[in-house]
Amino acid sequence: MPDKLILFYYRGPATSSLSYKKFKAEDYLDYSWNGYLWNVYSSAGCGVEKNQLAPAAIWIIILQVKHLKIWLSKLLPLDMGLTCILI
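When the letters of the sequence shown are read in order and numbered with numbering that gives the first Met the number 0, they come out as residues 0 to 86.
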């Protein structure tokens, strides 16, 4: 188990350059997630494996269980995770 995680918030200007000289972002990332709420599209362009991607961020604390089940049913066939934001 690592002592820290390196996450990539795949949104905006940070996605325009994923390498610098000989360094590539995907060589150092543990996970990448799409920061657009309720968006099922993943951040696949950053070069990490499919099991390291989370295509969505949602507010679980305000979500009813029936809606969470619907949302998860869309994500499970994609074999990807879910990033939760609790506010």
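Ideal placement from N, C-alpha and C gives every residue a C-beta, glycine not left out.
How many Å lie between lysine 49 and lysine 68 at the Cα?
It is roughly 22 Å from the alpha-carbon of lysine 49 to the alpha-carbon of lysine 68.
Per DSSP, which one or two residues make a beta bridge with lysine 23?
The partner list for lysine 23 (beta bridge, DSSP) reads Ser18.
CB of leucine 52 within 8 Å of CB of serine 18, strictly
Not in contact: leucine 52 and serine 18 (Cβ atoms no closer than 8 Å).
So, helix, strand or coil for leucine 74, using DSSP?
DSSP places leucine 74 within a helical segment (H, G or I) once states are collapsed to three.
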